[in-house]
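Peer 1: Okay, handing you the structure first.
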Amino acid sequence: MTPEPFISVKGLTKTFKGAAKPALDHLEIQIEKGQMVGLVGPDGSGKTTLLRLLIGLMDPDRGSISVMGFDSRRQAEKIQAATGYMPQKFGLYEDLTVLENMNLYADLRNSPKNEREVRFAQLLAFTDLGRFRGRLAGKLSGGMKQKLGLACVLIATPDLLLLDEPSVGVDPVSRRELWKMVTKLTGDGLTVVWGTSYLDEAEKCSTVILLHQGRALYVGPPDQALDRVNNRSFALSGLNQSDRRQTLMDLLKDGLVMDGLIQGGDIKIVTKENEPPPPQLGPWVNKKPSFEDAFVDILGGPTLGESALAAKMADKPKDGAIVVEAIHLTKRFGDFTAVDDYSFQIKRGHIFGLLGPNGAGKSTTFKMMCGLIRPTLGEAKIAGHSLALNPTKARSHVGYMAQKFSLYDQLSVLQNLTFFSGAYGLFGARQKEQIELMEEVFDLCPFLSLDAGLLPLGIKQRLALACAVMHQPDVLFLDEPTSGVDPLTRREFWLHINHLAIKGVTVMITTHFMEEAENCDLITLIYRGRDVASGTPDELKNLVKSPNLPNPTMEDAFIELIAQNNLHLVA
Amino acid sequence: MEFMLTVIRRIRTLIVKEFLILLRDPHGRVILIIPPIIQLMLFAYSVTLEVKNVSVVILNQDLGVHGQELTSRIAASRYFSSIIRTDDPRDVKKALDLQQALLAVHFPLDFSAKIESLEGSKLQILSDGRRSNAAQVVAAYLTEIVQDYVSELSQKNAPARAARTTIDGQLSYPNMDVSVRHWFNADLVFVWTIIPSLMVIITLVTTLNVSAISLAREKEQGTFEQLLISPYTPAEIIVGKLIPALIVAVFESTLIYVLGRLFYGVPMRGSILLLLASVTLFSYSIIGFGFFVSSIVKNQQQAVVGVFMFMVPSVALSGFAAPVENMPEWLQQAVNLNPLKHALILLNGVFLKNMPPQEVWLNAWPLLAIGSISILFAGWMFRRNIG
Amino acid sequence: MRILKALIKKELLQVGRDPATIFTTMILPLVLLFIFGYGINLDVGSFKIGLVVEGNDPNSISLYSAFANSRYFKIVSGRDIREFQDEITASRLKGLIVIPSDFSQKLSSGQKTTIMLVTDGSDGNTATLVRSYARLTLLNWRETFLAEKGVKAPSLIDLELRSWYNPGLYSQKYLLPGSMAVILPITGVILTALVIVREWERGTMESLMATRAGIYQIITAKLITYFFLAIFSMLLCYAMTVYYYDVPFEGNFLVFLLIGSVFLVTALGQGLLISTVTKSQYHAAELAIISGFLPTFLLSGVIFEISSMPAVLQAITRIVPARYFVASLKTIFLAGDVWPVFIYTIVHLTIIGAAFFIITVRKAVKKIS
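Protein chains in written order, with this note's numbering: chain V, 1 to 571; chain W, 1001 to 1387; chain X, 2001 to 2369.
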């Protein structure tokens, strides 16, 4: 008799009430002890459902799950006792301090009192939260919350760790730290199932499970998946900063290309199977494919071609005018300065990237730019209208997508679209036309009558973007629009954003996906409320070029620039 | 013109949204209809200070006829539903202690004898002070029964009475009565009084939900921010929130109105337009208050605290449960700030008394003022939050 | 047990940081009790009425003074009934009395004399009170009238009215203890109605349930925490009733605590039930507001006599926990320890409370759906 695998999922099927298709469909998975498993897949593919089933919070409809030899239906308590589970929202009590949260979970996980002191000291050192032990969890930045969440599940040294997208909305520095922490743990024999939408993380796992529509499309080591995209990944450099967007759009319309991305001044493509790179441009340099390329390929590639959204949009004048302007913006909350004397200008048709670690002041800046918070000092202007003096006029030019999904959960998709179009003054035939356009562009037709609150995250984000662009604003403010969104949907978003920019829409965006920042015309890195570096993506990358880092990525640049700044602060 | 049309259309968008949120979910629809009906059914006949179905314990130690006679008169009265007869004083204590009887009547041993001898006898009535209000009312009934009996005896025994001739040589024992006419409600049907009051109170409960709690929810969910950054002006947002709440409130009142007319036969003597105006103004003041609550709270739980903090005092101090006249003077002044107090006068007035418009206005303008001040304050708070 | 302790500790920490909870436990009950204490008074008030005296003779004037000096009435005098019609319509006068021109003449001639009282029937309760007070004033006047004529009280029956437990017949003395049965559930329902549904909405329930903690422990921890808060509120109410309003307390304090505890568990059970069966904070709030005040206020017998209600309603009041508590409260404050009343209360509250908890437990399934 072969020994039972650590986790064994057999014929697992789960259908939710009222859903036409099962969320998980005859799933077969086996996971050995000590593995680091990346659980990836598009939004709504069943990742969260699988994790909840593994820990026994839900019962399967059919099939069986055995974890560490325990049946998830009958022995859920036993599984839960030996497992650390970190749900999407971290499960922290915001009105408890760091230490109080840890104490609570230590008690709930039955961690012996005498060992606790040592364990806490370890974990606080490990997560670097020692300084904040008395701070309320609600007052921590996203990255710190995530670390605290991890610390809480690690307290009782579990044998299995289930993480449900812990890195959503977390900046690259914290994300790298989290990764390091978890990999250290697997060295000690811990088994980890890591649900993520960051494929660079998945790439580093020992096994990847790719879920799609409730089925496992790929199970195996990530390298094996790369075989299918070998010799299909190419890069083109030396493009003019202003042309690259149009060039990429043209390339994507070309039948040869499966996928394409802007990388600062470069363009990277993945060709279709057995196709050469487009001959009209060149020279193409062969690139090492990434797991993301494979992922996109397995799922059949993104929707390409022209953005239907931008196509229907009237051209904005190409006058190079300054559309968005921040003049010495400063915001203080009591003693704390969230944004400190921050000025910038965005020209029409440009994409402006506002990067920075969690808590750097990005959202506060956004809120000041759309008049939700009054600046302590300074002024924000949209299309020449001051937000302080003429807020209604200024706002009518803006489409805003908030960081937290803030559409009406209780309304259906269609009702949300109708409401927000009406709110921005669209009526009658034009309203109908715009709504239909949004349904088509964002592929919302299957969801029209569903409650917005019940949608998978990716669809929610699409709906939120649709609501923000429906009135064809001159300016788009996007606060982490792709947070928690899978690579396919992200590509779709960027197709629209790039096309809109070509049409003359001015975009201000924050993101924690550094490869997305490559699309920007101008990036400002803010840290602790101050502008620490600005420039084009390539300029920023050049800033950190060194013998150790001959070819830095945007993420390297981010991490390095923040680290340098920390040194300044210390010195 | 064009501009006005756009504004109206955009406000309509807000109103439609509000109704969708309210009515889309079956739970939401049910909660607008079923609880008001249940409350009406439960409260229509329970809210009365009238005392009926009283139990009384009678300790009759009297050997003569008068004790017997009075006992049977008490038993025959419509107020008393059960009579416990006993000759053991311990039973009296037990019956009162255990609240089996509200009162006890004690006929002493020589009751009849002393009446016959014209000396006059004591009759003791003991009441349960834990229910002193009811006890007092019933004691008054008992007093009437006894007084009537005494009057009869006095007439009968007239020639024998010494007192009779002493007053001006004329009739000694004046026979007097109060003839009562209840205007607007000749038979004093209590339910006529209660339905208009319930119309106001039930509307109050629902209206607080659709104003205070719904706005607090938008704050908690982040959609309120989304509204603030849209081109809506604060005034438009308020109007867009106000109108749906008003419509719901008027709907609730209408529901109670129709049921009250159909099933409880309450007459409607005044102008239906004035009734509608009164209900609308009352709702306006309540919604204003709801907005005020939601402007100072952070989340829905705090809004619930705010709602109770408003609802309980306004019901308790409206004159509905206890007359305003019984309150200390300072409180009587203070309750003029209570919308419910004015609304009760208005609704009773229009319903049953055909209150003329100028009188309606006297009680309506405070509602308008309370609502407007609350809304202005809420608007100011919302603005301050942005800063 | 350790898990329960940890969960309770968590609840206490959260309570300590939430101003709304502290307000609800410490301030709200006192404010409400204050309002009930001053606002709800069923003692004899003084109603403003119109008085028309048609005659000009000494007897009419004497009766007029009797009304004018009565503590039941504030008099506005007039010549004609029509003067007052509009005032009654406007609810500024609660009634009017007419002493007819033939009053004195009939009195002297030994005929039956009748004075006329008009009440505002649109307010039934007040109309009843005004009628009783008018009659009482008249009868009192008759006694004085006879006494002035030098007639010794000729009454054959001398009524002696005595009230047990509350000799002064102050309505406050029984209304205030009873009010606790209305106020405490408000606190209880506010504290508990939103707590469980909030843990779901914020995603913390999921991580709690993935530990050793079960849903029953989570609910129990909340119940215990809020129970002690509610007991604290009850003691505040007790102190205010006894020391500020001078209501006597005749019973045993420990017994009071016992009955109060049973009641509070039931009241908290109602809130937890709401919190468990609703799917959003909004609906929980709606139900809390609908069920938290009016039913207890109107159907508990604190103001409106249950025995005066129709039989069907009397039957319905049997599921209102406050009804039992009101009876015990009045008894323990004013009468002392009457165990049959208390046992009746405890048994019924236990049954209702158990029903709440059984439903709560059934609905609060551990698995996520």
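Heads up, the beta-carbon is just placed ideally off N, CA and C, and yes, glycines get one too.
By a C-beta neighbour count over all protein chains shown, 10 Å radius and 16 as the cutoff for buried, is alanine 125/V buried or exposed?
Peer 2: Taking the first residue of the first sequence as position 1, residue 125/V is located at position 125. It is exposed - the Cβ of alanine 125/V has fewer than 16 other Cβ atoms within 10 Å.
Peer 1: Residues of chain X with CB under 7 Å from proline 87/V, in chain order?
Peer 2: Here residue 87/V refers to the residue found at position 87 when the first sequence is read from its first residue. Gly2203, Glu2206, Ser2207, listed in chain order.
Peer 1: Compute the Euclidean distance between the alpha carbons of leucine 1103/W and serine 1081/W, then round it to the nearest angstrom.
Peer 2: Translated into positions along the second sequence, residue 1103/W becomes position 103. Translated into positions along the second sequence, residue 1081/W becomes position 81. Cα-Cα distance, rounded: 12 Å.
Peer 1: Could you check if leucine 2258/X is buried or exposed, using at least 16 other CB atoms within 10 Å of its CB as the buried criterion?
Peer 2: Indexing the third sequence from 1 puts residue 2258/X at position 258. Per the 10 Å Cβ criterion, exposed.
Peer 1: If contacts are defined as beta-carbon pairs under 8 Å, then serine 174/V and asparagine 358/V qualify, I think. What distance do you get, rounded to the angstrom?
Peer 2: Within the first sequence, the letter at position 174 stands for residue 174/V. Within the first sequence, the letter at position 358 stands for residue 358/V. Right, their Cβ atoms sit about 7 Å apart.
Peer 1: Count the other CB atoms within 10 Å of the CB of leucine 549/V; is the residue buried (16 or more) or exposed (fewer)?
Peer 2: On the first sequence, position 549 is the one that residue 549/V refers to. Its Cβ having fewer than 16 others within 10 Å, leucine 549/V is exposed.
Peer 1: Just confirm the distance between the C-beta atoms of tryptophan 2164/X and leucine 2063/X, as a whole number of angstroms; I'd bet it's less than 8 Å.
Peer 2: Counting from 1 along the third sequence, the entry for residue 2164/X is found at position 164. Counting from 1 along the third sequence, the entry for residue 2063/X is found at position 63. The pair is not a contact, with the Cβ atoms about 34 Å apart (cut-off 8 Å).
Peer 1: Could you please give me the residues that DSSP links to glycine 2078/X through a beta bridge?
Peer 2: For the purposes of this step, residue 2078/X is taken as residue 78 along the third sequence, with counting starting at 1. Partner(s): Val2052/X.
Peer 1: By the criterion of Cβ-Cβ separation under 9 Å, what are the contact partners of lysine 1298/W in chain V?
Peer 2: Counted from its first residue, the second sequence places residue 1298/W at position 298. Result: empty, since nearest Cβ-Cβ is about 12 Å, beyond 9 Å.
Peer 1: Name the residue from Tyr2174/X, Leu2191/X, Pro2058/X whose alpha carbon lies nearest to the alpha carbon of glycine 2292/X.
Peer 2: Sequence index remark: in the third sequence, residue 2292/X carries index 292 (1-based). Considering only alpha carbons, the answer is Leu2191/X.
Peer 1: So, are the CB atoms of valine 1051/W and serine 2132/X less than 9 Å apart?
Peer 2: Counting from one through the second sequence, the residue named residue 1051/W turns up at place 51. Counting from one through the third sequence, the residue named residue 2132/X turns up at place 132. No; because the gap between Cβ atoms is not below 9 Å, this pair is not in contact.
Peer 1: Answer with yes or no whether the minimum CB distance from aspartate 1128/W to chain X is below 9 Å.
Peer 2: Taking the first residue of the second sequence as 1, we reach residue 1128/W at position 128. Cβ-Cβ to chain X under 9 Å: yes for aspartate 1128/W.
Peer 1: Would you mind sorting methionine 58/V into buried or exposed? The rule is 16 or more other CB atoms within 10 Å of its CB.
Peer 2: Looking up residue 58/V in the first sequence gives position 58. Answer is buried; the Cβ neighbour count reaches 16.
Peer 1: Taking the alpha carbon of phenylalanine 1369/W as the point to measure from, which residue in Ser1283/W, Asp1097/W, Val1307/W has its own alpha carbon closest?
Peer 2: As a working note, residue 1369/W is residue 369 in the second sequence. Note that residue 1369/W is alanine in the sequence shown, not phenylalanine. It is Ser1283/W whose Cα lies nearest to the Cα of alanine 1369/W.
Peer 1: How many angstroms separate the CA atom of proline 446/V from the CA atom of glutamate 440/V?
Peer 2: Position 446 of the first sequence holds residue 446/V. Position 440 of the first sequence holds residue 440/V. Going by the C-alpha atoms only, they are around 10 Å apart.
Peer 1: For phenylalanine 70/V, tell me which candidate among Arg62/V, Gln80/V, Asp61/V has the shortest Cα-Cα distance.
Peer 2: Position 70 of the first sequence holds residue 70/V. Ranking the options by Cα distance to phenylalanine 70/V, first place goes to Gln80/V.
Peer 1: Which same chain residues end up closer than 7 Å to leucine 407/V when comparing Cβ atoms and leaving out the 5 residues on each side of it in sequence?
Peer 2: On the first sequence, position 407 is the one that residue 407/V refers to. Same-chain partners within the cutoff: Asn416, Ala452, Leu463, Ala464, Cys467.
Peer 1: Classify glycine 1067/W as helix, strand or coil using the three-state DSSP reduction.
Peer 2: Counting from 1 along the second sequence, the entry for residue 1067/W is found at position 67. Of the three classes helix, strand and coil, the one that applies to glycine 1067/W here is helix, per DSSP.
Peer 1: Does the CB of aspartate 164/V have a neighbour CB from chain A at under 9 Å?
Peer 2: Chain labels in this structure do not include chain A; the protein chains are V, W and X.
Peer 1: With DSSP as the reference, label glycine 1379/W as helix, strand or coil.
Peer 2: Taking the second sequence and counting its residues from 1, the one referred to as residue 1379/W is at position 379. Here glycine 1379/W sits in helix by DSSP.
Peer 1: Taking only the alpha-carbon atoms, compute the straight-line gap between leucine 500/V and tyrosine 93/V and give it to the nearest angstrom.
Peer 2: In the first sequence, residue 500/V corresponds to position 500, counting from 1. In the first sequence, residue 93/V corresponds to position 93, counting from 1. Distance between the alpha carbons of leucine 500/V and tyrosine 93/V: 41 Å.
Peer 1: In three-state terms, what does DSSP make of tryptophan 194/V?
Peer 2: Counting from one through the first sequence, the residue named residue 194/V turns up at place 194. Strand, per DSSP.
Peer 1: Shorter than 9 Å from the beta carbon of alanine 402/V to some beta carbon of chain W?
Peer 2: Taking the first residue of the first sequence as position 1, residue 402/V is located at position 402. By this cut-off, alanine 402/V is an interface position.
Peer 1: Quick one: which chain W residues come within Cβ less than 9 Å of threonine 2241/X?
Peer 2: Locating residue 2241/X in the third sequence gives position 241, where the first residue counts as 1. By Cβ distance, chain W contributes nothing, its closest Cβ being about 14 Å from threonine 2241/X, past 9 Å.
Peer 1: Quick check on arginine 52/V - is its C-beta less than 9 Å from some C-beta in chain X?
Peer 2: Locating residue 52/V in the first sequence gives position 52, counting from the first residue. It does; some Cβ of chain X falls within 9 Å.
Peer 1: Which value, in whole angstroms, describes the spacing of the CA atoms of leucine 1171/W and leucine 2107/X?
Peer 2: Residue numbering aside, residue 1171/W sits at position 171 when the second sequence is read from its first letter. Residue numbering aside, residue 2107/X sits at position 107 when the third sequence is read from its first letter. Any reading at leucine 1171/W needs caution, since the residue's pLDDT is 41, under 50, leaving its predicted position unreliable; the model's value is listed next. Spanning the two alpha carbons is a distance of roughly 9 Å.
Peer 1: Going by DSSP in three states, histidine 212/V sits in which element: helix, strand or coil?
Peer 2: Numbered from its first residue, the first sequence carries residue 212/V at position 212. In this structure, histidine 212/V counts as strand in the three-state DSSP scheme.
Peer 1: Please name the residue in Lys253/V, Pro277/V, Thr247/V whose C-alpha comes closest to that of glutamine 263/V.
Peer 2: Indexing the first sequence from 1 puts residue 263/V at position 263. That would be Thr247/V, whose Cα lies nearest to the Cα of glutamine 263/V.
Peer 1: Measure the C-alpha to C-alpha separation of isoleucine 2303/X and isoleucine 2075/X and round it to an integer number of angstroms.
Peer 2: The residue labelled residue 2303/X in the question sits at position 303 within the third sequence. The residue labelled residue 2075/X in the question sits at position 75 within the third sequence. So the alpha carbons of these two residues sit roughly 28 Å apart.
Peer 1: Excluding five sequence neighbours on each side, which residues of the same chain lie with their C-beta closer than 8 Å to the C-beta of leucine 1311/W?
Peer 2: Position 311 of the second sequence, counted from the first residue, corresponds to residue 1311/W. This sequence places methionine at residue 1311/W; leucine is not what is there. The answer, listed in chain order, is Leu1204, Val1205, Leu1208.
Peer 1: Should aspartate 1168/W be labelled buried (16 or more other beta-carbon atoms within 10 Å of its own) or exposed?
Peer 2: Numbered from 1 along the second sequence, position 168 holds the residue referred to as residue 1168/W. Model confidence at aspartate 1168/W stands at a pLDDT of 42, short of 50, so the residue's coordinates are unreliable and nothing is read from them.
Peer 1: Please classify phenylalanine 2253/X: is it buried, with 16 or more other beta-carbons within 10 angstroms of its beta-carbon, or exposed?
Peer 2: Here residue 2253/X refers to the residue found at position 253 when the third sequence is read from its first residue. Exposed, since its Cβ has fewer than 16 Cβ neighbours within 10 Å.
Peer 1: Output yes or no for whether 9 Å exceeds the beta carbon distance between tyrosine 2174/X and leucine 2334/X.
Peer 2: Position 174 of the third sequence, counted from the first residue, corresponds to residue 2174/X. Position 334 of the third sequence, counted from the first residue, corresponds to residue 2334/X. Going by C-beta atoms, tyrosine 2174/X is nearer than 9 Å to leucine 2334/X.
Peer 1: Quick one: grab the DSSP three-state call for valine 2347/X.
Peer 2: Position 347 of the third sequence, counted from the start, is the residue given in the question as residue 2347/X. Reduced to three states, the DSSP call for valine 2347/X is helix.
Peer 1: Give the straight-line distance between the Cα atoms of phenylalanine 1224/W and isoleucine 2027/X, rounded to the nearest whole angstrom.
Peer 2: On the second sequence, residue 1224/W is found 224 positions in, with the first residue counted as 1. On the third sequence, residue 2027/X is found 27 positions in, with the first residue counted as 1. If you take the alpha carbons of phenylalanine 1224/W and isoleucine 2027/X, they lie about 30 Å apart.
Peer 1: In the stretch 115-168 of chain V, which residue ranges form an unbroken beta strand (DSSP E) of at least 3 residues, counting only runs that do not cross its ends?
Peer 2: Listed in chain order, they are 160-164.
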